[in-house]
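Novice: In the working numbering, the protein residues as written are 2 to 60. All residues carry an ideal CB built from backbone N, CA and C; glycine is no exception. One structure coming up, written as structure tokens, with questions to follow.
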Amino acid sequence: MSTYPKNIYIDYPQEKVDGSNEYRCQFCKLLTSEINGKIGNHALNCQYRRQHTYFEIED
Ligand SMILES: [Zn+2]
Numbered sequence: 002m003s004t005y006p007k008n009i010y011i012d013y014p015q016e017k018v019d020g021s022n023e024y025r026c027q028f029c030k031l032l033t034s035e036i037n038g039k040i041g042n043h044a045l046n047c048q049y050r051r052q053h054t055y056f057e058i059e060d
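In structure tokens form, the structure reads like this:
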């Protein structure tokens with residue numbers, strides 16, 4: 002049994018942004034503050050997003 006919240010995705014690989022205190026997704030380079038734990042906030046072609054939304058992709 003898992004108590005991990007279904008709608009929060011924060012286990013994607015992150016990297017520090019040069020010259021900033023912010024972190025971003027290693028795949029799509031969007032800031033974690035913009036992603037905000039939501040899979041849909043990753044770029045459409047983000048590898049992490051695609052791995053977690055295979056059930057939504059029709060084509
Ligand atoms: Zn991403």
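#1: Taking the beta strand (DSSP E) that Phe49 belongs to, which residues open and close that run?
#2: Check whether the Cβ of His43 sits closer than 7 Å to any heavy atom of ligand 1, and report yes or no.
#3: Over what stretch of residues does the beta strand (DSSP E) that includes Glu16 continue unbroken?
#4: Should Tyr10 be listed as close to ligand 1, given that the test is whether its C-beta is under 7 Å from any heavy atom?
#5: I'd like the span of the alpha helix (DSSP H) that includes Glu35, first residue to last.
Specialist: Walking through what the data contain:
#1: Residue 49 is actually Tyr in this sequence, not Phe. Premise fails: Tyr49 lies in the alpha helix (DSSP H), Gln48 to His53, not in any beta strand (DSSP E).
#2: Answer for His43: yes, Cβ within range of ligand 1.
#3: For Glu16, the uninterrupted beta strand (DSSP E) run begins and ends at Gln15 to Lys17, by DSSP.
#4: No, Cβ of Tyr10 sits at least 7 Å from all heavy atoms of ligand 1.
#5: From DSSP, the alpha helix (DSSP H) with Glu35 extends over Thr33 to Ile36.
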